[in-house]
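Asker: Below you will find the structure I want to go over with you.
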Amino acid sequence: MDTVSRMKIKDLLNEAPGKEVLAKGWVRTKRGNRQVKFIALNDGSTINNIQIVAETERFDEELIKRITTGASLAVRGQLVESIGSGQKVELKAESIEIYGECDPMRYPLQKKDTSLEYLRTVAHMRMRTNTFGAVLRIRNAMAYAIHTFFQKKGFVYLHTPLITESDCEGAGQMFQVTTLDLDKPLPRNKKGEIDYNEDFFGKQTSLTVSGQLEGELGATAVGEIYTFGPTFRAENSNTPRHLAEFWMIEPEMAFYDIKDNMDLAEEFIKYLVSWALENCIDDIRFLNDKYDDGLIERLRSVIGTEFVRLEYTEGIRILEEAAKNGVQFEYPVYWGVDLQSEHERYLVEKHFQKPVILTGYPKEIKAFYMKQDDNGKTVRAMDVLFPKIGEIIGGSEREWSLEKLENRISELGMSRKNLEWYIDTRRFGSVPHSGFGLGFERLLLFVTGMSNIRDVIPFPRTPRNAEF
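So in this note's numbering, the last spot in the sequence shown is 469, and the numbers never skip.
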């Protein structure tokens, strides 16, 4: 059979009729009558199937019976013009080889409309569905687009450590890394504390929550860097927006102020959405039709609009006014509060009806490294807020004054022991610099229209769930 080279189904569907071809893939459906069987074959290269036309008189009856949903096949034959609607060609089978049979009584993907909740219970198989094939192809395209954007701008791709002793966010929600034998009594020092001198690294270490602090080192050396890798939060949040392991894109730029930072964030997100519409439209159209009929319109609206730049104080005024006028918020609104998703979405979806970049947050609700304003109350933070998602990007101009940084670390009672290397960047040739973080899965929620973050990552890690 393999004298003809295999072609991916994505390419076969664009070929002209009359060519002898070889297709390989998995059966989506089989239907027909006694004379002819129509087999929908998919190899994961596209959301679209190629229709195999198998005249039953050419094939052994037992072989036809063994072709069931989920079975894997190699089919050689002639591409012919399709008489049905939907695609211009179909494959008239001359020979069929079954690679792997699929027991229809046990195969968990039999039903056409299987719920996403059910698919999470058979997550080892869900990638074979149309939905997750589409999500994975879009995820791949977005990763490629991210690298393309920054590489074209001359940014350096920096690999920051996954194992670290620093807690960038100061929240303490970190997964510890140890080689100490937890089945035996742990070594203790004279104070009764765990003696990490006995551990692999000789100190307490954790999985990183962010590569930002190390990214700043790169930016103050080569100018502009970006990181793109997994991050970890030991936060017991069972919500549709949180994962314990997720991917982050974190650019850091020397000589950028807060305005430069906002400009880059807006350009970046528009570039990614444009890329998705240009390169993934078949998959996006499928998700639009199946799950979110406003998806394509929403994506296009982001590209064609200028993001609102809004001070936090003004945002609070708008929200307080809305509450006075009868808008029901679950969480209270007042100056100094850390806005919830419902507040962010009201500003974006109801008030402005376009993406918003919120700036000038109270310093008490933001991280120690953010540039303090002269008023002593606010910092030059920025959050990019999107429809349906809320915050999709968070960033700031970084505090580059040694004195102010040291004072803030003291105010918060943070240990300087693990931060001296970071403080050094303000001692030796400090410069204005800025950066932001984009949660990759939050981006994918927006681009795919999916409603649960567990459905845009192949292997979700959430509380009490670490399968595979």
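Backbone N, C-alpha and C define an ideal beta-carbon position, used for all residues, glycine too.
1. To which residues does DSSP link Asp-384 through a beta bridge?
2. My output table needs one value for Asn-34: the three-state DSSP class, helix, strand or coil.
3. In the DSSP assignment, the alpha helix (DSSP H) including Gln-213 goes from what residue to what residue?
4. Using the Cα positions of Ile-48 and Gly-305, report the straight-line distance between them to the nearest angstrom.
5. Am I right that Ala-245 and Thr-463 are in contact with their C-beta atoms under 8 angstroms? What's the rounded C-beta distance?
6. So, helix, strand or coil for Glu-298, using DSSP?
7. What is the DSSP secondary structure of Lys-154, counted as helix, strand or coil?
8. Near Arg-35, what residues of its chain come up, given a Cβ to Cβ distance below 7 angstroms and the 5 sequence neighbours on each side ignored?
9. According to DSSP, what are the bridge partners of Ser-96?
10. Counting pairs of beta carbons, one from the segment 249–269 and one from the segment 209–221, are three or more of them closer than 8 angstroms?
11. Counting only C-beta atoms, is Ile-458 closer than 9 angstroms to chain C at any point?
12. Compute the distance between the beta-carbons of Val-136 and Asp-284, then report whether it is under 9 angstroms.
13. Do you know how far the Cα of Tyr-197 is from the Cα of Leu-413?
14. Per DSSP, which one or two residues make a beta bridge with Ile-458?
15. Leaving out five residues before and five after Thr-69 in sequence, what residues of the same chain have Cβ atoms less than 6 angstroms from its Cβ?
16. Nearest by alpha-carbon distance to Leu-278: which of Ile-259, Glu-298, Asp-264 is it?
17. Just grab the DSSP bridge partners of Met-371 for me.
18. Are the beta-carbon atoms of Leu-117 and Leu-74 separated by less than 9 angstroms?
19. Under the assumption that Pro-388 contacts Glu-350 (Cβ atoms under 8 angstroms), give the Cβ distance between them as a whole number of angstroms.
20. Does DSSP put Thr-130 in a helix, a strand or coil?
21. Residues in the same chain with beta-carbon distance under 8 angstroms from Lys-367, minus the five sequence neighbours each way, listed in chain order, please.
22. With the cut-off set at 9 angstroms, would you say Met-143 and Phe-441 are in Cβ contact?
23. Report the option in Glu-321, Trp-401, Gly-45, Arg-428 whose CA atom is closest to the CA atom of Lys-9.
24. Does the Cβ of Ser-435 have 16 or more other Cβ atoms within 10 Å, making it buried, or fewer, making it exposed?
25. Is it a yes or a no for the segment 306–320 touching the segment 331–340, going by three-plus beta-carbon pairs under 8 angstroms?
26. If distances are taken between C-alpha atoms only, which option among Tyr-423, Ser-452, Trp-422 comes closest to Gly-391?
27. Quick check on the DSSP output: the beta strand (DSSP E) that includes His-434 runs from which residue to which?
28. Quick one: is Thr-4 buried, meaning 16 or more other Cβ sit within 10 Å of its Cβ, or exposed?
29. In terms of residue numbering, what span does the beta strand (DSSP E) encompassing Arg-310 cover?
30. Pop quiz: Thr-455 and Arg-121 are said to be a contact at Cβ under 8 angstroms. What is the actual Cβ separation, rounded to whole angstroms?
31. Kindly indicate the opening and closing residues of the beta strand (DSSP E) around Phe-247.
32. Since Ser-167 and Leu-420 should fall inside the 8 angstroms C-beta cutoff, what is the C-beta to C-beta distance between them, to a whole number of angstroms?
33. Which term fits Asn-376, buried or exposed, when burial requires 16 or more other beta carbons within 10 angstroms of its beta carbon?
34. Return the residue from the list Pro-186, Ala-72, Asn-289, Lys-271 that minimises the CA-CA distance to Ser-302.
35. Starting from Leu-120, trace the alpha helix (DSSP H) in both directions and tell me its first and last residue.
36. What does the Cβ neighbour count give for Val-87, buried or exposed, with the cut at 16 atoms within 10 Å?
Answerer: So, to answer that:
1. Leu-359, Gly-395
2. coil
3. 213–223
4. 27 angstroms
5. That belief holds up - the Cβ atoms of Ala-245 and Thr-463 are roughly 6 angstroms apart, short of 8 angstroms.
6. helix
7. coil
8. Apart from sequence neighbours up to five positions away, the residues of its chain that approach Arg-35 with a beta-carbon distance below 7 angstroms are Thr-57, ordered along the chain.
9. Arg-77
10. The segment 249–269 vs the segment 209–221: in contact.
11. Absent from the structure is chain C; it holds one protein chain and no more.
12. yes
13. 25 angstroms
14. Beta-bridge pairing links Ile-458 to no other residue.
15. Cys-103, Pro-105
16. Taking only the C-alpha atoms, the option nearest Leu-278 is Glu-298.
17. Arg-399
18. Taking a C-beta distance under 9 angstroms as the contact criterion, Leu-117 and Leu-74 do not qualify as a contact pair.
19. 5 angstroms
20. DSSP, reduced to helix, strand and coil, places Thr-130 outside both helices and strands of the structure shown, so it counts as coil.
21. Val-380, Ala-382, Ser-397
22. yes
23. Gly-45
24. buried
25. yes
26. Ser-452
27. 434–440
28. Flag for Thr-4 reads exposed.
29. 309–312
30. It should be pointed out that residue 455 corresponds to Arg in this sequence rather than to Thr. Right, their Cβ atoms sit about 6 angstroms apart.
31. Its beta strand (DSSP E) spans residues 246–255.
32. 7 angstroms
33. exposed
34. Minimum Cα distance to Ser-302 is reached at Lys-271.
35. 117–122
36. Rather than Val, the amino acid found at residue 87 in this sequence is Gly. Its Cβ having fewer than 16 others within 10 Å, Gly-87 is exposed.
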